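First the structure, in the form of C-alpha coordinates, and then the observations on it.
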Amino acid sequence: MHCGMCLPTCPTYEETKLERNSPRGRIALMRSIADGELEATRIFADEMYYCLGCLACMTACPAGVNYAELFEHARAEVEEKKVIDSTWRRFIRGITLKWLFTKHTRLKLLGRLIRLYSSLGLKSLVRGSRVLKLLPRRLGELEAMTPEIQPKFSDDLIQLETPARGEKRYRVAMLTGCAQDLIFSDVNRDTVEVLAENGCEVYTPRNQGCCGSLHAHNGEWTMAQQQARVMLDLFPPSEFDAIISNAAGCGSHLKHYYGLLKDDDKYADLAKQWDAKLKDVHEWLVEIGVREPSGTALGQAQKVTYHEACHLCHGQKITTQPRQILRAIPGLELTELPESTWCCGSAGIYNITQPEMANKLLDRKVGHIRSTGAEIVAMGNPGCSLHITNGLAKCQSDIRVAHPITLLAEAYGREKG
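Positions 7 to 423 (our numbering) are the ones given, in order, by the sequence shown.
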(Lines of atoms letter the chains of each structure in order from A and count residues from 1; the text may use other names and numbers.)
(Lines give C-alpha, C1' and ligand atoms only; values in the text may rest on other atoms or scores of the structure.)
Protein backbone atom coordinates (compact mmCIF):
# COMPACT_ATOMS: atom_id res chain seq x y z
CA MET A 1 0.00 0.00 0.00
CA HIS A 2 1.58 3.31 -1.08
CA CYS A 3 -1.23 5.90 -0.85
CA GLY A 4 0.37 7.86 2.00
CA MET A 5 -2.85 8.51 3.93
CA CYS A 6 -0.96 7.49 7.07
CA LEU A 7 1.67 10.23 6.72
CA PRO A 8 -0.29 13.15 8.26
CA THR A 9 -1.17 10.96 11.27
CA CYS A 10 2.42 9.92 12.05
CA PRO A 11 4.00 12.04 14.82
CA THR A 12 7.62 11.35 13.83
CA TYR A 13 6.97 12.12 10.15
CA GLU A 14 5.08 15.28 11.12
CA GLU A 15 8.12 16.46 13.09
CA THR A 16 10.88 15.52 10.60
CA LYS A 17 9.13 15.29 7.18
CA LEU A 18 11.54 12.44 6.34
CA GLU A 19 10.03 9.52 4.40
CA ARG A 20 12.00 6.95 6.39
CA ASN A 21 10.37 8.31 9.59
CA SER A 22 6.91 7.49 8.24
CA PRO A 23 4.91 4.22 8.32
CA ARG A 24 5.23 3.96 4.53
CA GLY A 25 8.99 4.44 4.69
CA ARG A 26 9.40 1.96 7.53
CA ILE A 27 7.35 -0.69 5.72
CA ALA A 28 9.52 -0.16 2.63
CA LEU A 29 12.60 -0.75 4.79
CA MET A 30 11.06 -3.90 6.28
CA ARG A 31 10.24 -5.23 2.81
CA SER A 32 13.77 -4.53 1.56
CA ILE A 33 15.18 -6.49 4.49
CA ALA A 34 12.71 -9.35 3.96
CA ASP A 35 13.50 -9.50 0.22
CA GLY A 36 17.25 -9.53 0.87
CA GLU A 37 17.84 -6.20 -0.86
CA LEU A 38 19.21 -4.66 2.35
CA GLU A 39 20.80 -6.05 5.49
CA ALA A 40 19.49 -5.37 8.99
CA THR A 41 22.04 -2.75 10.04
CA ARG A 42 22.30 -0.09 12.73
CA ILE A 43 20.34 2.31 10.49
CA PHE A 44 17.44 -0.15 10.29
CA ALA A 45 17.53 -0.73 14.07
CA ASP A 46 17.56 3.00 14.76
CA GLU A 47 14.53 3.55 12.53
CA MET A 48 12.51 0.72 14.07
CA TYR A 49 13.13 2.19 17.52
CA TYR A 50 12.46 5.76 16.38
CA CYS A 51 8.88 4.68 15.72
CA LEU A 52 6.57 5.35 18.67
CA GLY A 53 4.35 2.37 17.94
CA CYS A 54 1.34 4.64 18.47
CA LEU A 55 -0.65 2.82 15.72
CA ALA A 56 -2.28 6.03 14.43
CA CYS A 57 -1.34 4.81 10.95
CA MET A 58 -3.54 1.74 11.42
CA THR A 59 -6.57 3.91 12.14
CA ALA A 60 -5.87 5.94 8.99
CA CYS A 61 -5.03 3.06 6.64
CA PRO A 62 -7.86 2.36 4.14
CA ALA A 63 -6.35 -1.04 3.29
CA GLY A 64 -6.23 -2.22 6.90
CA VAL A 65 -2.48 -2.92 6.91
CA ASN A 66 -1.56 -4.48 10.28
CA TYR A 67 1.38 -2.21 11.03
CA ALA A 68 1.47 -3.33 14.68
CA GLU A 69 2.34 -6.89 13.68
CA LEU A 70 4.92 -5.78 11.11
CA PHE A 71 6.49 -3.36 13.59
CA GLU A 72 6.79 -5.92 16.41
CA HIS A 73 8.24 -8.55 14.05
CA ALA A 74 10.77 -6.00 12.76
CA ARG A 75 11.92 -5.20 16.28
CA ALA A 76 12.11 -8.92 17.05
CA GLU A 77 14.35 -9.29 13.97
CA VAL A 78 16.63 -6.55 15.33
CA GLU A 79 16.89 -8.29 18.70
CA GLU A 80 17.32 -11.78 17.22
CA LYS A 81 20.16 -10.70 14.92
CA LYS A 82 21.69 -8.56 17.68
CA VAL A 83 21.99 -5.60 15.35
CA ILE A 84 24.24 -2.97 16.94
CA ASP A 85 22.06 -0.29 18.49
CA SER A 86 22.59 2.85 20.55
CA THR A 87 24.47 2.02 23.77
CA TRP A 88 22.01 4.07 25.80
CA ARG A 89 18.93 2.38 24.37
CA ARG A 90 20.45 -1.08 24.77
CA PHE A 91 21.37 -0.26 28.38
CA ILE A 92 17.86 0.97 29.17
CA ARG A 93 16.19 -2.01 27.49
CA GLY A 94 18.53 -4.40 29.29
CA ILE A 95 17.78 -2.90 32.70
CA THR A 96 14.03 -2.53 32.21
CA LEU A 97 12.97 -5.42 29.97
CA LYS A 98 15.44 -8.14 30.84
CA TRP A 99 15.81 -7.49 34.56
CA LEU A 100 13.35 -5.09 36.16
CA PHE A 101 10.06 -6.08 34.50
CA THR A 102 10.64 -9.84 34.57
CA LYS A 103 10.27 -10.05 38.37
CA HIS A 104 7.70 -7.89 40.13
CA THR A 105 9.61 -8.20 43.42
CA ARG A 106 12.49 -6.28 41.80
CA LEU A 107 10.14 -3.55 40.62
CA LYS A 108 8.61 -3.26 44.10
CA LEU A 109 12.07 -3.03 45.65
CA LEU A 110 12.95 -0.20 43.26
CA GLY A 111 9.65 1.46 44.13
CA ARG A 112 10.45 1.34 47.84
CA LEU A 113 13.91 2.82 47.20
CA ILE A 114 12.42 5.66 45.14
CA ARG A 115 9.84 6.29 47.87
CA LEU A 116 12.68 6.44 50.43
CA TYR A 117 14.61 8.80 48.13
CA SER A 118 11.63 11.17 48.20
CA SER A 119 10.56 10.78 51.84
CA LEU A 120 14.05 11.45 53.21
CA GLY A 121 14.20 14.69 51.26
CA LEU A 122 17.00 13.46 49.01
CA LYS A 123 15.06 14.23 45.84
CA SER A 124 14.58 17.87 46.85
CA LEU A 125 18.20 18.12 47.95
CA VAL A 126 19.55 16.70 44.69
CA ARG A 127 17.30 18.86 42.53
CA GLY A 128 18.14 21.98 44.53
CA SER A 129 21.89 21.42 44.29
CA ARG A 130 24.36 21.25 41.40
CA VAL A 131 24.59 17.44 41.57
CA LEU A 132 22.43 16.87 38.49
CA LYS A 133 24.70 19.13 36.43
CA LEU A 134 27.63 16.85 37.25
CA LEU A 135 25.81 13.77 35.91
CA PRO A 136 25.76 12.74 32.24
CA ARG A 137 22.87 14.51 30.50
CA ARG A 138 20.86 11.32 29.99
CA LEU A 139 21.08 10.34 33.67
CA GLY A 140 19.98 13.83 34.69
CA GLU A 141 16.96 13.55 32.39
CA LEU A 142 16.18 10.14 33.88
CA GLU A 143 16.22 11.54 37.43
CA ALA A 144 13.82 14.29 36.39
CA MET A 145 11.31 11.60 35.43
CA THR A 146 11.44 9.86 38.82
CA PRO A 147 7.79 9.20 39.71
CA GLU A 148 6.01 9.51 43.03
CA ILE A 149 5.50 6.01 44.44
CA GLN A 150 2.25 5.22 46.24
CA PRO A 151 2.55 4.60 50.01
CA LYS A 152 0.77 1.25 49.55
CA PHE A 153 0.76 -1.18 46.65
CA SER A 154 -2.35 -2.86 45.22
CA ASP A 155 -2.12 -5.99 47.38
CA ASP A 156 -2.29 -3.74 50.47
CA LEU A 157 -5.32 -1.81 49.20
CA ILE A 158 -7.45 -4.48 47.53
CA GLN A 159 -8.91 -7.68 48.96
CA LEU A 160 -8.38 -10.99 47.19
CA GLU A 161 -12.18 -11.17 46.79
CA THR A 162 -14.25 -7.98 46.71
CA PRO A 163 -18.02 -8.63 46.88
CA ALA A 164 -20.45 -6.88 44.56
CA ARG A 165 -22.44 -4.00 46.05
CA GLY A 166 -26.08 -5.06 45.93
CA GLU A 167 -27.02 -7.79 43.47
CA LYS A 168 -24.10 -9.77 42.06
CA ARG A 169 -24.37 -9.74 38.27
CA TYR A 170 -20.87 -10.74 37.18
CA ARG A 171 -17.63 -12.26 38.43
CA VAL A 172 -14.56 -10.53 37.02
CA ALA A 173 -10.80 -10.62 37.54
CA MET A 174 -8.73 -7.48 38.01
CA LEU A 175 -5.27 -6.92 36.52
CA THR A 176 -3.12 -4.69 38.73
CA GLY A 177 -0.14 -4.43 36.38
CA CYS A 178 3.48 -3.60 37.16
CA ALA A 179 4.14 0.16 36.90
CA GLN A 180 0.42 0.70 37.53
CA ASP A 181 0.79 -1.17 40.84
CA LEU A 182 3.67 1.00 42.05
CA ILE A 183 2.63 4.43 40.84
CA PHE A 184 -1.14 4.19 40.46
CA SER A 185 -2.26 1.58 42.98
CA ASP A 186 -4.95 4.10 43.97
CA VAL A 187 -6.38 3.80 40.44
CA ASN A 188 -6.45 0.01 40.85
CA ARG A 189 -8.33 0.44 44.14
CA ASP A 190 -10.77 2.86 42.49
CA THR A 191 -11.31 0.42 39.62
CA VAL A 192 -12.24 -2.40 41.98
CA GLU A 193 -14.62 -0.09 43.89
CA VAL A 194 -16.32 1.03 40.67
CA LEU A 195 -16.68 -2.56 39.44
CA ALA A 196 -18.22 -3.57 42.78
CA GLU A 197 -20.64 -0.63 42.60
CA ASN A 198 -21.74 -1.97 39.21
CA GLY A 199 -22.64 -5.45 40.44
CA CYS A 200 -19.30 -7.18 39.86
CA GLU A 201 -17.66 -9.56 42.27
CA VAL A 202 -13.95 -8.87 41.79
CA TYR A 203 -11.11 -11.37 42.13
CA THR A 204 -7.66 -9.74 42.39
CA PRO A 205 -4.81 -12.29 42.52
CA ARG A 206 -1.82 -11.49 44.72
CA ASN A 207 1.70 -10.86 43.43
CA GLN A 208 0.81 -10.08 39.84
CA GLY A 209 3.56 -9.01 37.47
CA CYS A 210 4.19 -7.57 34.02
CA CYS A 211 1.86 -8.74 31.24
CA GLY A 212 4.67 -8.74 28.66
CA SER A 213 3.46 -5.68 26.78
CA LEU A 214 6.75 -3.80 27.03
CA HIS A 215 8.65 -6.89 25.93
CA ALA A 216 6.48 -7.53 22.86
CA HIS A 217 6.60 -3.88 21.77
CA ASN A 218 10.39 -3.93 22.03
CA GLY A 219 11.06 -7.13 20.10
CA GLU A 220 11.57 -9.45 23.08
CA TRP A 221 9.03 -12.08 21.99
CA THR A 222 10.38 -14.98 24.03
CA MET A 223 10.08 -12.95 27.22
CA ALA A 224 6.61 -11.74 26.21
CA GLN A 225 5.54 -15.37 25.75
CA GLN A 226 6.92 -16.30 29.17
CA GLN A 227 5.01 -13.46 30.84
CA ALA A 228 1.81 -14.46 28.99
CA ARG A 229 2.02 -18.03 30.29
CA VAL A 230 2.39 -16.77 33.86
CA MET A 231 -0.70 -14.59 33.46
CA LEU A 232 -2.78 -17.43 31.99
CA ASP A 233 -1.89 -19.63 34.96
CA LEU A 234 -2.86 -16.85 37.36
CA PHE A 235 -6.18 -16.01 35.66
CA PRO A 236 -7.96 -19.14 34.35
CA PRO A 237 -10.31 -17.43 31.83
CA SER A 238 -13.17 -19.94 32.20
CA GLU A 239 -13.70 -18.79 35.80
CA PHE A 240 -14.61 -15.19 34.92
CA ASP A 241 -17.16 -13.25 32.90
CA ALA A 242 -14.42 -10.73 32.09
CA ILE A 243 -10.78 -9.99 32.85
CA ILE A 244 -10.38 -6.25 33.42
CA SER A 245 -7.52 -3.95 32.46
CA ASN A 246 -7.40 -0.24 33.31
CA ALA A 247 -4.15 0.53 31.45
CA ALA A 248 -4.40 1.15 27.69
CA GLY A 249 -0.95 -0.10 26.69
CA CYS A 250 -1.33 -3.30 28.67
CA GLY A 251 -4.89 -3.90 27.51
CA SER A 252 -3.98 -3.57 23.84
CA HIS A 253 -1.33 -6.27 24.22
CA LEU A 254 -3.37 -8.47 26.57
CA LYS A 255 -6.10 -8.85 23.95
CA HIS A 256 -3.66 -10.64 21.63
CA TYR A 257 -2.20 -13.46 23.73
CA TYR A 258 -3.36 -16.00 21.15
CA GLY A 259 -1.12 -14.40 18.54
CA LEU A 260 1.82 -14.92 20.90
CA LEU A 261 0.97 -18.49 21.91
CA LYS A 262 -0.88 -19.99 18.93
CA ASP A 263 1.93 -22.52 18.39
CA ASP A 264 2.03 -23.53 22.06
CA ASP A 265 0.08 -26.81 22.44
CA LYS A 266 -0.49 -26.25 26.16
CA TYR A 267 -1.55 -22.61 26.12
CA ALA A 268 -3.05 -21.85 22.68
CA ASP A 269 -6.67 -22.71 23.58
CA LEU A 270 -6.40 -20.90 26.92
CA ALA A 271 -5.01 -17.83 25.16
CA LYS A 272 -7.93 -17.80 22.73
CA GLN A 273 -10.39 -17.91 25.68
CA TRP A 274 -8.40 -15.18 27.44
CA ASP A 275 -8.52 -12.84 24.44
CA ALA A 276 -12.32 -13.14 24.32
CA LYS A 277 -12.64 -12.29 28.04
CA LEU A 278 -10.16 -9.39 28.19
CA LYS A 279 -11.93 -6.01 28.53
CA ASP A 280 -10.78 -2.48 29.10
CA VAL A 281 -12.63 -1.14 32.15
CA HIS A 282 -14.38 1.65 30.18
CA GLU A 283 -15.45 -0.85 27.54
CA TRP A 284 -16.81 -3.28 30.16
CA LEU A 285 -18.73 -0.68 32.16
CA VAL A 286 -20.50 0.69 29.09
CA GLU A 287 -21.21 -2.85 27.88
CA ILE A 288 -22.94 -3.85 31.15
CA GLY A 289 -24.59 -0.44 31.64
CA VAL A 290 -22.65 1.82 34.00
CA ARG A 291 -24.59 3.11 36.99
CA GLU A 292 -24.72 6.89 36.84
CA PRO A 293 -23.86 8.51 40.18
CA SER A 294 -25.99 11.14 41.86
CA GLY A 295 -24.60 14.38 43.31
CA THR A 296 -21.37 15.92 42.01
CA ALA A 297 -18.01 14.32 41.39
CA LEU A 298 -15.82 16.86 43.16
CA GLY A 299 -18.26 19.02 45.10
CA GLN A 300 -18.60 21.61 42.33
CA ALA A 301 -18.76 21.81 38.55
CA GLN A 302 -15.37 21.47 36.91
CA LYS A 303 -14.19 21.48 33.31
CA VAL A 304 -12.49 18.26 32.20
CA THR A 305 -10.78 17.37 28.93
CA TYR A 306 -9.82 13.91 27.69
CA HIS A 307 -6.51 12.72 26.23
CA GLU A 308 -6.89 9.52 24.21
CA ALA A 309 -4.09 7.07 24.94
CA CYS A 310 -2.82 5.62 21.65
CA HIS A 311 -3.33 2.00 22.62
CA LEU A 312 -6.89 2.73 23.71
CA CYS A 313 -8.11 4.68 20.66
CA HIS A 314 -5.88 3.14 17.97
CA GLY A 315 -4.91 -0.17 19.55
CA GLN A 316 -8.33 -1.11 20.96
CA LYS A 317 -10.64 1.25 19.01
CA ILE A 318 -12.12 2.48 22.31
CA THR A 319 -13.04 6.14 21.89
CA THR A 320 -16.64 6.82 22.93
CA GLN A 321 -16.79 4.77 26.14
CA PRO A 322 -14.46 6.92 28.31
CA ARG A 323 -16.37 10.01 27.18
CA GLN A 324 -19.68 8.35 28.08
CA ILE A 325 -18.37 7.70 31.57
CA LEU A 326 -17.10 11.26 32.00
CA ARG A 327 -20.42 12.69 30.77
CA ALA A 328 -22.27 10.45 33.26
CA ILE A 329 -20.56 12.17 36.20
CA PRO A 330 -22.62 15.10 37.53
CA GLY A 331 -20.58 18.25 37.98
CA LEU A 332 -18.12 17.57 35.16
CA GLU A 333 -18.22 19.55 31.92
CA LEU A 334 -16.39 17.70 29.13
CA THR A 335 -14.44 19.90 26.71
CA GLU A 336 -12.86 18.24 23.68
CA LEU A 337 -9.07 18.33 23.44
CA PRO A 338 -7.50 19.45 20.14
CA GLU A 339 -5.58 16.53 18.60
CA SER A 340 -6.89 14.28 21.36
CA THR A 341 -5.62 11.15 19.56
CA TRP A 342 -2.10 12.53 18.95
CA CYS A 343 0.62 10.66 20.87
CA CYS A 344 1.98 12.44 23.96
CA GLY A 345 5.44 10.89 23.49
CA SER A 346 5.43 8.46 26.41
CA ALA A 347 5.05 5.28 24.32
CA GLY A 348 6.26 2.68 26.83
CA ILE A 349 9.95 3.45 27.43
CA TYR A 350 10.25 5.75 24.38
CA ASN A 351 10.42 8.86 26.56
CA ILE A 352 13.57 7.37 28.13
CA THR A 353 15.23 6.04 24.98
CA GLN A 354 14.19 8.91 22.66
CA PRO A 355 13.82 11.92 24.98
CA GLU A 356 14.22 14.62 22.31
CA MET A 357 11.29 13.47 20.16
CA ALA A 358 9.26 12.51 23.25
CA ASN A 359 9.62 16.01 24.68
CA LYS A 360 8.60 17.68 21.41
CA LEU A 361 5.41 15.64 21.43
CA LEU A 362 4.88 16.34 25.12
CA ASP A 363 5.14 20.11 24.61
CA ARG A 364 2.59 19.89 21.80
CA LYS A 365 0.19 17.87 23.97
CA VAL A 366 0.56 20.08 27.05
CA GLY A 367 -0.04 23.19 24.94
CA HIS A 368 -3.34 21.75 23.70
CA ILE A 369 -4.39 20.71 27.22
CA ARG A 370 -3.76 24.20 28.58
CA SER A 371 -5.62 25.77 25.67
CA THR A 372 -8.89 24.09 26.75
CA GLY A 373 -9.01 25.91 30.09
CA ALA A 374 -9.74 22.56 31.76
CA GLU A 375 -9.05 22.00 35.45
CA ILE A 376 -8.72 18.24 34.93
CA VAL A 377 -7.25 16.18 32.10
CA ALA A 378 -8.46 12.57 32.12
CA MET A 379 -6.65 9.64 30.52
CA GLY A 380 -6.59 5.86 30.81
CA ASN A 381 -2.91 4.91 30.66
CA PRO A 382 -0.18 5.13 33.33
CA GLY A 383 2.63 6.04 30.90
CA CYS A 384 0.62 8.96 29.51
CA SER A 385 -0.32 10.06 33.03
CA LEU A 386 3.30 10.16 34.19
CA HIS A 387 4.60 11.88 31.07
CA ILE A 388 1.86 14.52 30.95
CA THR A 389 2.10 15.13 34.72
CA ASN A 390 5.80 15.89 34.25
CA GLY A 391 5.03 18.15 31.28
CA LEU A 392 2.43 20.13 33.21
CA ALA A 393 4.79 20.44 36.19
CA LYS A 394 7.53 21.86 33.95
CA CYS A 395 5.27 24.76 32.98
CA GLN A 396 4.01 25.11 36.59
CA SER A 397 0.44 24.22 35.68
CA ASP A 398 -1.92 23.01 38.41
CA ILE A 399 -4.16 21.05 36.00
CA ARG A 400 -5.01 17.75 37.64
CA VAL A 401 -4.25 14.47 35.81
CA ALA A 402 -6.79 11.73 36.62
CA HIS A 403 -8.08 8.40 35.34
CA PRO A 404 -11.78 8.57 34.31
CA ILE A 405 -12.47 5.67 36.69
CA THR A 406 -11.02 7.64 39.62
CA LEU A 407 -13.40 10.50 38.85
CA LEU A 408 -16.29 8.02 38.76
CA ALA A 409 -15.16 6.43 42.04
CA GLU A 410 -15.05 9.86 43.68
CA ALA A 411 -18.59 10.52 42.49
CA TYR A 412 -19.80 7.25 44.00
CA GLY A 413 -18.01 8.15 47.23
CA ARG A 414 -19.79 11.51 47.42
CA GLU A 415 -23.15 9.74 47.30
CA LYS A 416 -22.33 8.28 50.71
CA GLY A 417 -21.42 11.66 52.18
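C-beta: ideal position from N, C-alpha, C; glycine also. From a predicted model like this one, the values you see are computed outputs, not experimental measurements.
- Sequence-distant partners of Pro29 (beyond 5 residues in either direction) whose C-beta falls short of 6 Å from its own C-beta, in its chain, are Cys12, Cys16, Cys63 and Tyr73.
- When Cβ pairs closer than 8 Å are counted between the two stretches, the stretch 106 to 123 is seen to touch the stretch 180 to 190, the count reaching three or more.
- The beta carbons of Leu276 and Leu238 sit closer together than 8 Å.
- For Leu44, the three-state secondary structure derived from DSSP is coil.
- By the neighbour-count criterion, in which 16 or more other beta carbons inside 10 Å mark a residue as buried, Pro14 falls on the exposed side.
- For Thr395 and Gly215, the gap between their C-alpha atoms comes out near 24 Å.
- Of all alpha-carbon atoms in Ile358, Ile382, Ile189 and Tyr56, the one lying nearest the alpha-carbon of Lys114 is that of Ile189.
- In the three-state reduction of the DSSP assignment, Leu126 falls in the coil class, being assigned neither a helical nor a strand state.
- Taking a C-beta distance under 8 Å as the contact criterion, Ile294 and Tyr176 qualify as a contact pair.
- Under the DSSP definition of a beta bridge, Glu245 lacks any partner.
- Under the 10 Å beta carbon count, Leu122 is surrounded by fewer than 16 other beta carbons and is classified as exposed.
- In the three-state DSSP reduction, Ser28 falls in the coil class, being neither helix nor strand.
- Within the DSSP bridge table, the entry for Glu167 names Tyr209 as partners.
- When DSSP states are grouped into helix, strand and coil, Arg177 belongs to the strand group.
- With contact defined as three or more Cβ pairs closer than 8 Å, the stretch 230 to 237 and the stretch 362 to 381 are not in contact.
- With a beta-carbon spacing of about 5 Å, Ala248 and Lys285 fall inside the 8 Å limit used to define contacts.
- For Thr18, the uninterrupted alpha helix (DSSP H) segment begins and ends at Pro17 to Thr22.
- Counting only residues of its own chain and dropping the five nearest sequence neighbours on each side, Asn27 has a CB closer than 6 Å to the CB of Thr18 and Tyr19.
- For Ala408, the enclosing beta strand (DSSP E) covers residues Arg406 to Ala408.
- Of the residues assessed, Gly100 falls on the exposed side of the cut-off, its CB having fewer than 16 other CB atoms within 10 angstroms.
- Annotated as distal: Leu291 and Val310, with beta-carbon spacing of 8 Å or more.
- In this structure, Met54 sits near Arg81, with a CB-CB distance shorter than 8 Å.
- The beta carbons of His320 and Ser352 sit no closer together than 8 Å.
- Given a length threshold of 3 residues, each whole run of the beta strand (DSSP E) inside the stretch 290 to 328 is given here in chain order: 308 to 312.
- Contact between the stretch 414 to 423 and the stretch 256 to 265 is absent: fewer than three C-beta pairs spanning the two stretches fall below 8 Å.
- Counting along the chain, no alpha helix (DSSP H) covers Asp270, and no H or E run does either.
- Here the C-alpha atom of Gln156 lies approximately 11 Å from the C-alpha atom of Ser125.
- A distance below 7 Å between beta-carbons, with the five flanking residues on each side excluded, links Val198 to the following residues of its chain, in chain order: Ile164, Thr168, Met180, Val208 and Thr210.
- If you draw a straight line from the Cα of Trp348 to the Cα of Leu103, it is about 26 Å long.
- Per the DSSP secondary-structure output, Ser251 pairs in a beta bridge with Asp286.
- Around Pro153, the same chain offers Ile189 and Leu392 as residues with beta carbons nearer than 6 Å, after the five sequence neighbours per side are excluded.
- A residue is called buried once 16 or more other Cβ atoms fall within 10 Å of its Cβ, and Thr359 is buried on that count.
- As computed with DSSP, Val383 is found in a beta bridge with Thr311 and Val407.
- For Thr341, the enclosing beta strand (DSSP E) covers residues Leu338 to Thr341.
- Cβ atoms of Leu220 and Gly354 come within 8 Å of each other, at about 5 Å.
- Inclusion of His317 and Ala399 in the CB contact set at 8 Å is not warranted, their separation being larger than that value.
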